[in-house]
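Written out below as structure tokens is the structure these notes cover.
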Amino acid sequence: MNDILFLIGDTPVRTGMALLVCGVLALSLLLVIAIIIARTARTRAAVAMAQAIRADEMEERLSEVLRIQNEAAGRVHEMGQALAGRQAEMARAVNERLDSVTQRVGQSMEQTTRNTMESLRALHERLGIIDNAHKNLTDLTTQVTTLRDVLANKQARGAFGQARMEAIVQDGLPKGAFAFQHTLSNNKRPDCVVFLPDQRPLCIDAKFPLEAVTALREAKSDDARKLAAQRLRQDVMKHVSDIAGKYLIAGETQDTALMFVPSESVYAEIHDGFDDVVQKAYRARIVLVSPSLLMLAIQVMQQIMKDARMRDAADQIRTEVMNMMGDVERLRDRVSKLGSHFDQVSEDVRQVLISVNKIGKRAVRIEELDFGQNEDAPSSADSTPTDLFPGQSRALQAGE
18 MNDILFLIGD TPVRTGMALL VCGVLALSLL LVIAIIIART ARTRAAVAMA QAIRADEMEE
78 RLSEVLRIQN EAAGRVHEMG QALAGRQAEM ARAVNERLDS VTQRVGQSME QTTRNTMESL
138 RALHERLGII DNAHKNLTDL TTQVTTLRDV LANKQARGAF GQARMEAIVQ DGLPKGAFAF
198 QHTLSNNKRP DCVVFLPDQR PLCIDAKFPL EAVTALREAK SDDARKLAAQ RLRQDVMKHV
258 SDIAGKYLIA GETQDTALMF VPSESVYAEI HDGFDDVVQK AYRARIVLVS PSLLMLAIQV
318 MQQIMKDARM RDAADQIRTE VMNMMGDVER LRDRVSKLGS HFDQVSEDVR QVLISVNKIG
378 KRAVRIEELD FGQNEDAPSS ADSTPTDLFP GQSRALQAGE
């Protein structure tokens with residue numbers, strides 16, 4: 018019993034002392050187990066009592082529900098009786114309303130008859146107004162004739178075509194993308210120019226060969242029709258030559274110009290009956306357009322300008338994309354560093370688990386020690402601690 022098992026610093030630990038410590042630990046463990054069992058019993062008793070209280074409450078609630086259900090059934094019966102009474106009252110009220118409606122319908126029919134007679138009188142009055150409108154129509158015909166006279170004047174007709182072209186251009190293009198009466202380097206002024214992305218203006222000039230078209234339409238003989246057709250060809254080609262000579266400047270304007278014909282019917286007459294004139298105009302790099310075709314051309318120009326703005330912004334977009342790629346690279350590096358931190362934490366946890374397993378194994382080895390050895394056995398204080406707890410002895414001797 019006085020054998021020395023190991024040393025704690027300079028103090029020897031003997032067998033009796035070790036048994037005493039083990040006994041105290043065993044008693045402490047039994048005391049803890051008893052306390053746990055007592056608390057568990059109290060908890061179970063409290064749970065049982067709570068369940069009993071809940072059962073009583075459920076019975077009370079069930080009885081209350083039954084009472085409320087009976088009261089609801091009574092109320093439903095009373096409501097049914099009240100509803101039947103109200104239904105009878107509603108039937109009487111509906112019959113009374115039908116009678117009143119019938120009387121009102123009769124009165125309304127009489128009133129409708131009177132209104133019809135008044136409407137007929139008003140219709141006669143309107144016929145007189147229509148007569149006045151006919152007179153106004155005659156005046157309008159006179160005004161149309163005046164408009165024809167205006168179109169017969171070349172200057173007035175040119176102003177009309179230019180105004181229509183300006184309206185189409187202003188509706189389709191933003192400000193700054195076009196200009197009216199823009200002066201070129203040869204001091205010529207086209208009716209309109211459109212500034213395309215290469216900063217070379219596209220010239221548009223309004224022409225209205227109305228006299229030749231009118232003569233062609235009014236021609237009644239073949240000779241008159243041939244003369245009118247020849248005149249139309251000459252007028253259109255003269256306009257084409259004037260536009261090509263004045264508004265096509267190499268290096269300054271676009272290679273093509275537009276000749277605006279402000280009348281769909283006149284344009285259709287030229288395009289359908291004088292294909293040779295249209296082809297010659299194409300070869301002279303002059304394109305004839307009607308109001309609808311000019312609208313389409315303006316939309317195409319607007320799309321071209323939009324594409325040019327997008328190309329101008331492409332460099333800025335590329336720069337932003339490169340900056341975004343740099344941010345992505347930095348994010349990848351930071352995520353990699355974060356992953357390495359997680360790997361280090363996992364390794365530390367693994368090492369802690371290894372240490373816990375070693376501590377458990379050493380506790381098992383302590384429990385398996387045989388304390389019933391012979392008293393004559395060697396009792397060297399140096400060999401026993403070294404064989405059983407070599408690392409622990411060195412740590413204890415180091416004062417840890």
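In terms of the working numbering, the sequence shown opens at residue 18 and continues consecutively. Every residue, glycine too, gets a C-beta built ideally from N, C-alpha and C.
Note that the C-beta distance between ALA274 and ILE303 is below 7 Å.
In its chain, beyond the 5 residues on either side, PRO279, PRO308 have a beta carbon closer than 7 Å to the beta carbon of ARG181. In this model, LEU310 and GLY145 are separated by some 45 Å (Cα to Cα). Per DSSP, reduced to three states, the secondary structure at PRO279 is coil, with no helix or strand assignment. The continuous beta strand (DSSP E) containing PHE212 extends over residues 209-212.
Under a 10 Å Cβ-count criterion, LEU42 is classified as exposed, with fewer than 16 other Cβ atoms of the shown protein chains found around its own Cβ. LEU355 and ARG328 have their C-alpha atoms spaced approximately 40 Å apart.
Around the C-beta of ALA223, 16 or more other C-beta atoms lie within 10 Å, and the residue is accordingly described as buried. The segment 211-221 and the segment 185-197 touch, with three or more beta-carbon pairs separated by less than 8 Å. Looking from the CA of LEU213, the closest CA among GLU76, GLN271, ARG300 belongs to GLN271. Looking only at ARG206, THR32, VAL230, the smallest Cα-Cα distance to VAL283 is reached by VAL230.
Put simply, the backbone Cα of LEU370 is about 28 Å away from that of ILE50.
Inclusion of ALA301 and VAL253 in the CB contact set at 7 Å is not warranted, their separation being larger than that value. The Cβ atoms of MET276 and LEU249 lie no closer than 7 Å to each other. When ASP156, VAL366, ALA298, HIS288 are compared, the shortest CA-CA separation from GLY262 is found for ALA298.
Short of 7 Å from the beta carbon of ALA246, and not among the five residues preceding or following it, lie these beta carbons of its own chain, in chain order: LEU233.
Secondary structure in the segment 217-271: the alpha helix (DSSP H) runs of 4 residues or longer, each lying completely within the stretch, are 227-235, 239-264 in chain order. According to DSSP, LEU305 shares a beta bridge with MET276. For GLN251, there are no CB contacts under 6 Å within the same chain when 5 residues up- and downstream are skipped. SER80 and ARG71 have their C-alpha atoms roughly 14 Å apart.
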